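Notes to accompany the following structure.
Protein chains: 2
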Amino acid sequence: MIRQSDKINLKRLGLNIKKLREAKGLSFRELSYACEIDHSKISKIEKGLINITFTTILQLAKALETTPSELLLTDFD
Amino acid sequence: MIRQSDKINLKRLGLNIKKLREAKGLSFRELSYACEIDHSKISKIEKGLINITFTTILQLAKALETTPSELLLTDFD
DNA sequence: TCATTTGTGGTCTTATTAGGCCACGATAAT
DNA sequence: ATTATCGTGGCCTAATAAGACCACAAATGA
Chain F
4 MIRQSDKINL KRLGLNIKKL REAKGLSFRE LSYACEIDHS KISKIEKGLI NITFTTILQL
64 AKALETTPSE LLLTDFD
Chain E
4 MIRQSDKINL KRLGLNIKKL REAKGLSFRE LSYACEIDHS KISKIEKGLI NITFTTILQL
64 AKALETTPSE LLLTDFD
C-alpha cells in the first residue's frame, strides 16, 4: 500500500546515499563492514526499494561519516 | 533487540518533534489531522517508543511545516 | 585465462512498524 | 458540576523492515 510519492522520495533518499558512498569510494560490501548492514540491503536502499527506519538512517550516517540531517538534505515531495 | 544507544537517539528525535509541535501550539490530535498519523502514535513517537520509518518522518516534517533534514537536526550518538 | 570483486535480486524467518480503535485519568473550560 | 480536550497506553491485524544467507552475471584484476 505504499504511495507513489513515497516511492519517488525513497529513490531520492537512495540517490543521496549513493552519492555519499561513491564520494568515499566505497563498495556495498565495504560500507557493509562499516555499518553492519548487509550489502544486499544497502543495494536495495539505494534503489529505493526499502522504507528504512530511523535507526538504519543513523547507522548509514555514521558509516558515511556524515549526519542523519545531511543524509536527508534533499528536496522531497 | 533494540540497542540502548538507539533508545537514547529515539528519545532525542522525539524531543525534537515535541519541540516543533509545541512551537506551533498543536495538540497531538491537531497534528494528527495534519499528517494522518494516529494521535496515540505521535505520542509514542515523541516518547521514543517507536523506531519510525523514513516515510513517517516525511509526513511529520510536512505537517510541522519543516524539512526532514531539520527534523533530524540534533546530536545523535 | 582464471580469480576476485561488484552490484543485484531472490528466499526465508523474526521482529516490529503501520494503522486503527478504544478506554482511562487528569486537566481545562463552560 | 459536567463537558470537552488532553496525553497516555493498551489491544489487534496486516504489512513490511530487519537480518541473514545464497546465487549469479558482469566487470575488474592478476
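Those sequence lines, one after another, are chains F and E. Quick note on numbering: the first sequence equals residues 4 to 80 in my numbering. Quick note on numbering: the second sequence equals residues 4 to 80 in my numbering. Beta carbons: idealized from backbone N, C-alpha and C, even for Gly. Please read these numbers as outputs of a predicted model, since none were measured by experiment.
_Chain-ordered chain F contacts of E:S72 [CB-CB under 7 Å]_ = S72, L75, L76
*Run down chain F in chain order and give the residues with a C-beta less than 9 Å from the C-beta of E:I60.*
F57, I60, L75
*What is the DSSP secondary structure of F:T69, counted as helix, strand or coil?*
coil
_Residue range of the unbroken alpha helix (DSSP H) whose run includes E:I20_ = 7-26
_Taking 7 Å as the limit between beta carbons, can you name the residues of its chain near F:K50, skipping five residues before and five after?_
G17
*Assign F:R32 to buried or exposed, taking buried as 16 or more other Cβ atoms, counted over all protein chains shown, within 10 Å of its Cβ.*
exposed
_Nearest candidate by alpha-carbon position, reference E:L29, set E:E73, E:D78, E:K47, E:L67_ = E:L67
*How many angstroms separate the CA atom of E:K27 from the CA atom of F:Q7?*
29 Å
*asked:* Tell me the DSSP secondary structure of F:T58 in three-state form.
replied: helix
*F:D9 burial status per 10 Å Cβ neighbour count (16 or more: buried)*: buried
*Report the residue from F:N54, F:I11, F:N19 whose alpha carbon sits nearest the alpha carbon of F:S72.*
F:N19
*asked:* Using a Cβ-Cβ cutoff of less than 7 Å, which residues in the same chain neighbour E:S35 once the five nearest sequence positions on both sides are dropped?
replied: D41, H42, I45
*Beta-carbon of F:N12 versus every beta-carbon of chain E: anything under 8 Å?*
yes
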